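Participant:
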Amino acid sequence: MRPQPTAPAQPEPGTAATLRWLLGATSDLLPPLALASLLSCLTRFASLGIYLVAALGLAKAAGIQQPGSGASWTALVLGLLALGLAKGALRYGEQYVGHRVAFLSLSRLRNRLYAAAEHQAPFSARTRNSGGLLAIATRDVDRVEVFFAHTLPPAVSAVVVSGFVAWWTWASFG
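Residues in the sequence shown are numbered from 121 upward in steps of one, following my numbering.
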């Protein structure tokens, strides 16, 4: 059996180039991705609010607050309930929007893959591993879901919320 001619090896693009291409290929989905990132930030702020209200409750229980100052137990409990419900709703919204973007991106990237593969036809299925190539390409495209739904919004919120809290702490306490 004759060996198949191979194309000259091209260097793999770096991570930054891959991210630029990916975001460019799905550029119309960036506004909903920004919404998912905003919802992720608000979820983190709701979490911080829960810790703050819990700390106020501990201070009240320990008698650290001066008499007559601070919130009532009812206000603290209602605050915890409201923040917990808000956090749950915000997290759901973040996951919904993030996965919507991810699956729309997957659909578009698969369509581009199939369109590019269609131009390669006809080829002999006996001499090329067409199913293996398609499986590898589809698996790589499926990894996009993790980037859009589970990586980008949490990474943005980690930077934004940490930066805001650091700034607020410095501005408040020096």
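We put the CB at the ideal spot given by N, CA and C, even for glycine. The model shown is predicted, which means the values in this text are computed figures rather than measured ones.
From which residue to which residue does the alpha helix (DSSP H) around R232 run?
Facilitator: Per DSSP, R232 belongs to the alpha helix (DSSP H) from 193–238.
Participant: Apart from the five residues just before and just after F268, which ones in its own chain have a Cβ nearer than 7 Å to its Cβ?
Facilitator: For F268, where only same-chain residues beyond five positions count, the Cβ hits under 7 Å are L153, G218, V221, A222, S225.
Participant: What's the gap between the Cα of A137 and the Cα of V281?
Facilitator: Approximately 27 Å between the Cα atoms of the pair.
Participant: Looking at C-beta atoms only, is the number of pairs between the segment 199–213 and the segment 159–174 that lie closer than 8 Å three or more?
Facilitator: Cβ pair count under 8 Å is three or more, so yes.
Participant: Taking 8 Å as the cut-off, does the segment 263–277 touch the segment 142–158 (at least 3 CB pairs, one atom from each stretch)?
Facilitator: The segment 142–158, when compared against the segment 263–277, does touch it at the 8 Å Cβ threshold.
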